[in-house]
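Participant: Before I ask anything, let me first share the structure, which is written out below as structure tokens.
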Amino acid sequence: MSGATRAFLDGLAGLGAGPLSSGLAAVARLRLLDWLGCTLAGAAMERGRTLSLAASAGADGPAPLVGLGRGAAPLTAALINGMHSHVVELDDGHRYGITHAGGPLIAALLATAHDPRMTAEGFLRGIVIGYEAALRVAIACQPEAKLRGWHGSGTFGVIG
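For the record, in the sequence shown the residue sitting at position 46 is 1367 according to this note's numbering, with numbers rising by one throughout.
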């Protein structure tokens, strides 16, 4: 493992150690609020198509489909919520990372929120660590990745 990779992973591990500071928790809550607003708007815009997609994926599940009043299997919910969060193009953005990290990141976290091991602090910590991971890699790779045709949200948000 290279020194840069070790430093990156050690930095992320450091965010996972000890209690989450009130400042970082507040930032994570704002990111979640932004994501929820964008996701609700996207769900309203794509409601008919999305309900059809959710129905074709199978029975209801434990993961919420934001704005649709039903649940789905975690993978289906992560896909649909992630799509909804980005459809109106109002989601968070990062100037240097050229990415919308919250779309895929928070959709994946919410899909696991039904697990009894997930706490509110763990959820917020996941947002903090996920954004840190996604944005550090995005900043290191941009703008070259965009110029080569890579979409930042799908590429770097997944890392988060």
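We put the CB at the ideal spot given by N, CA and C, even for glycine.
On a predicted model such as this, the values are computed, not experimentally measured, just so you know.
Taking all protein chains shown into account, do 16 or more other C-beta atoms lie within 10 angstroms of the C-beta of Thr1371, making it buried, or fewer, making it exposed?
Facilitator: That one is buried.
Participant: Using 8 Å as the threshold, is the region 1355-1364 in touch with the region 1467-1474, meaning 3 or more CB pairs across them?
Facilitator: Touching, no.
Participant: Take Ala1364 as the anchor and find which of Val1408, Gly1478 and Asp1436 has the nearest alpha-carbon.
Facilitator: If we check each option's Cα against that of Ala1364, Val1408 comes out closest.
Participant: Which whole-angstrom value is the C-beta distance of Ala1394 and Gly1382, which I expect to be below 8 Å?
Facilitator: So it is a contact: roughly 4 Å between Cβ atoms.
Participant: Using the Cα positions of Ala1265 and Ile1419, report the straight-line distance between them to the nearest angstrom.
Facilitator: Not covered by the structure: residue 1265. The range shown for the chain is 1322 to 1481.
Participant: Buried or exposed for Ser1373, going by 16 or more other Cβ atoms inside 10 Å?
Facilitator: Exposed: under 16 other Cβ atoms inside 10 Å.
Participant: Does the region 1341-1355 touch the region 1447-1463, meaning 3 or more C-beta pairs lie closer than 8 Å?
Facilitator: Because the criterion of three Cβ pairs below 8 Å is met, the region 1447-1463 and the region 1341-1355 touch.
Participant: Out of Ile1480, Thr1326 and Gly1344, point me to the one whose CA is closest to Leu1426's CA.
Facilitator: It is Ile1480 whose Cα lies nearest to the Cα of Leu1426.
Participant: For Leu1330, which of Cys1462, Val1458 and Ser1474 has the nearest alpha-carbon?
Facilitator: Of the candidates Cys1462, Val1458 and Ser1474, the one whose C-alpha sits nearest the C-alpha of Leu1330 is Val1458.
Participant: If you compare alpha carbons, which of Leu1389, His1415, Ala1378 and Leu1354 is closest to Ala1461?
Facilitator: Considering only alpha carbons, the answer is His1415.
Participant: Closest to Gly1335 by C-alpha separation, out of Ala1454, Pro1464 and Ser1474, would be which residue?
Facilitator: Closest by alpha carbon: Ala1454.
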